[in-house]
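Student: Quick note on our numbering: the sequence shown kicks off at 364 and runs consecutively.
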Amino acid sequence: MELTSEQAIFSYADAYQKLYKRSPRELRVVDNEWVIVNGARMRVDELEYLTRQLEQEYTQTMSQKKNMVMRLLNWFKQ
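#1: Report yes if the C-beta distance between Val407 and Ala371 is below 8 Å; otherwise report no.
#2: Which residue from Ser368, Gln380, Phe373 puts its Cα closest to that of Tyr421?
#3: Output needed for Ala443: all residues of its chain with C-beta closer than 8 Å, excluding positions within five of it in sequence on either side, in chain order.
#4: Between which two residues does the alpha helix (DSSP H) containing Leu436 stretch?
#5: Tell me where the beta strand (DSSP E) around Leu390 begins and ends.
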């Protein structure tokens with residue numbers, strides 16, 4: 364399923380916001396195939412790949428935080 368430029372930017376901005384707790388610096392559509400993200404011009408499919416990477420990093424970060432909390436809880440139970 365191919366996303367439009369606007370959909371890809373929205374998905375990227377959402378993933379970026381979740382991971383870094385702030386909005387990306389610069390996001391804009393050049394045309395149907397190209398976007399500008401943080402000053403870099405890239406194709407929409409490259410932005411989709413970058414978004415998936417951010418989502419994976421967010422999932423990994425949340426998993427690490429959850430693991431740390433569980434370890435602390437188990438330590439307090441002792």
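Don't be surprised by glycine CBs; every beta carbon is placed ideally from N, CA and C.
Tutor: Taking the structure as given:
#1: yes
#2: Gln380
#3: The structure shown has nothing for residue 443, since the chain only spans 364 to 441.
#4: 407-440 is the extent of the alpha helix (DSSP H) around Leu436.
#5: 390-392
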